[in-house]
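Chemist:
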Amino acid sequence: MPDTITFDSDRLRFNPPIFPEKVLREILSDRYGLTGSLKHLAGERDQNTLVISDSSEQFVLKISGPDEALETVDFQIQALLHLQTVDPELSVPRQIPDRFGRQASVLHDRTGQTHWVRLVSFLKGEPVDNYDQLNINTIQSIGQVAGRLCAALKDFDHSAAMHFMPWDPLNGIIFSRELRDSYLPEVIRPLAEQHLERLEADSLLRIKALPSQVIHHDAHPGNIICEPGHPARITGVIDFGDLLRRPVIMDLSVALSNALRHNGSILEATSAMLQGYTEYVPLSEAMLELLYDALCASYILSV
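Position one of the sequence shown corresponds to residue -8 (the working numbering), numbered consecutively onward.
1) With DSSP as the reference, identify every bridge partner of F50, one or two as the case may be.
2) Do you know how far the Cα of V228 is from the Cα of R237?
3) Among residues of its own chain, excluding the 5 on either side of A210, which ones have a beta-carbon nearer than 8 Å to its beta-carbon?
4) Hey, could you find the ends of the alpha helix (DSSP H) I225 is sitting in?
5) In the DSSP assignment, find the beta strand (DSSP E) that holds R236 and state where it starts and stops.
6) Helix or strand or just coil, what does DSSP make of S262?
7) Using only alpha-carbon positions, find the residue among F10, S55, L258 and G213 that is nearest to L114.
8) State the CB to CB distance for the pair Q266 and Q124, rounded to an integer number of angstroms; the pair is presumed to be in contact (CB under 8 Å).
9) Secondary structure at L247, three-state DSSP: helix, strand or coil?
10) Measure the C-alpha to C-alpha separation of R252 and T129 and round it to an integer number of angstroms.
11) For T(-3), count neighbouring C-beta atoms within 10 Å of its own C-beta (all shown protein chains included) and say buried if the count is 16 or more, exposed if not.
12) Suppose you measure from the CA of T(-5) to the CA of Y283; what does that come to, to the nearest Å?
13) What did DSSP end up calling V136 once you bin it into helix, strand or coil?
14) Given that a residue counts as buried once 16 or more other Cβ atoms are within 10 Å of its Cβ, and exposed if not, what is S82?
15) Given this structure, state the Cα-to-Cα distance separating E117 from I215, to the nearest angstrom.
16) Just curious, the alpha helix (DSSP H) that V77 is in, first and last residue?
17) When the Cα of R126 is compared with those of R224, P273, L196 and Q204, which residue comes out closest?
18) Quick one: is F155 buried, meaning 16 or more other Cβ sit within 10 Å of its Cβ, or exposed?
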């Protein structure tokens, strides 16, 4: 495979900020009129903090990293506002404007770098990722909520919808020899490169030619919330940081590739995911024909 793809390592840097608790409390008090207890939450690109207010309400305070442009942050904000309008019963985080009516506000760190601050509601429950094995009913439920979310985003668009996303197999980054050598385990590299040759020669161009829309693109079990003790009872979806405009099967391939890591029955699990997803999103013959290749691309990038 010709090594024609290069990448800028700075664009792959995940750099969430680490503001001290004192700053977080000042933001909450001054901008949102909130006081309460704080708990750090994991975040790939944002500093996320669970806020339990004195009145027992729960929120997540999100502070973007210095590499996140306002347009990208606004993309997520507008998507959540759109979902609240078109499918208000779909359980996703709700945007909470500050005391001045702003959906996001600026914060400068000590070096003068710009960060964007916003507040969203906290979804109660537990992540499906708490369960090592997912049965067919759970996988079908994941397919249903992922499909419903995709359907709700169908008519949404934004100027940042085609922004660079490191977890996007269609941006060509998986063909970078430098990147493959740095992250692909040697034991799977020969097989992965066979798939990459086919993807580069034909399949990815065909996938990119499919109709596109804004997709969530991150329905892995860590972002799917369920009723505690009942993984098949899905209660919501979180984390809209990987939003972008891509063909629908890329959204489905992320959900399916992650579900298969929790269920060894490939055919049954795939059937269950498709059954759930297609309740809301019809898949054409061309989409189904390319699903395997989309799945391979998602797997290779997420190894």
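From the three backbone atoms N, C-alpha and C, an ideal C-beta is built for every residue, glycine too.
Modeler: In short, the structure shows the following:
1) On the sequence shown, residue 50 is found 59 positions in, with the first residue counted as 1. According to DSSP, F50 bridges with V42 and S112.
2) Locating residue 237 in the sequence shown gives position 246, counting from the first residue. Locating residue 228 in the sequence shown gives position 237, counting from the first residue. Spanning the two alpha carbons is a distance of roughly 19 Å.
3) Reading the sequence shown from its first residue, position 219 is the one you call residue 210. Contacts found: I133, V136, A137, L140, V228, D242, V245, A246 and N249.
4) Position 234 of the sequence shown holds residue 225. Element bounds for I225: not the alpha helix (DSSP H) but the beta strand (DSSP E), H221 to V228.
5) If you number the sequence shown from 1, residue 236 lands on position 245. Note, R236: beta strand (DSSP E), L235 to P238.
6) Here the question's residue 262 lines up with position 271 in the sequence shown. Looking at S262 - three-state DSSP - the assignment turns out to be helix.
7) For the purposes of this step, residue 114 is taken as residue 123 along the sequence shown, with counting starting at 1. For the residues F10, S55, L258 and G213, the minimum Cα distance to L114 belongs to G213.
8) Residue 266 sits at position 275 when you count from the first residue of the sequence shown. Residue 124 sits at position 133 when you count from the first residue of the sequence shown. With 8 Å as the limit, Q266 and Q124 do not qualify as a contact, their Cβ atoms being about 19 Å apart.
9) Stepping through the sequence shown from its first residue, residue 247 is reached at position 256. The answer is helix: DSSP assigns L247 an H, G or I state.
10) Taking the sequence shown and counting its residues from 1, one reaches residue 252 at position 261. Taking the sequence shown and counting its residues from 1, one reaches residue 129 at position 138. If I take the Cα positions, the gap works out to 13 Å.
11) Residue numbering aside, residue -3 sits at position 6 when the sequence shown is read from its first letter. With a pLDDT of 49 at T(-3), under the threshold of 50, the modelled position of this residue cannot be trusted, and the question is left open.
12) Sequence index remark: in the sequence shown, residue -5 carries index 4 (1-based). Sequence index remark: in the sequence shown, residue 283 carries index 292 (1-based). Residue placement at T(-5) cannot be trusted, given a pLDDT of 44 that sits under 50; what the coordinates show is reported in the next sentence. Their backbone Cα atoms lie some 24 Å apart in a straight line.
13) Numbered from 1 along the sequence shown, position 145 holds the residue referred to as residue 136. Residue state, collapsed to three classes: helix.
14) Locating residue 82 in the sequence shown gives position 91, counting from the first residue. It is buried - the Cβ of S82 has at least 16 other Cβ atoms within 10 Å.
15) On the sequence shown, residue 117 is found 126 positions in, with the first residue counted as 1. On the sequence shown, residue 215 is found 224 positions in, with the first residue counted as 1. Answer to the nearest angstrom: the Cα atoms are 8 Å apart.
16) In the sequence shown, the residue the question calls residue 77 occupies position 86. Start and end: L61 to V77.
17) Counted from its first residue, the sequence shown places residue 126 at position 135. The displayed chain sequence assigns Asn, not Arg, to residue 126. The shortest C-alpha separation from N126 is found at R224.
18) Here residue 155 refers to the residue found at position 164 of the sequence shown. By the neighbour-count rule (16 or more Cβ atoms within 10 Å), F155 is not buried but exposed.
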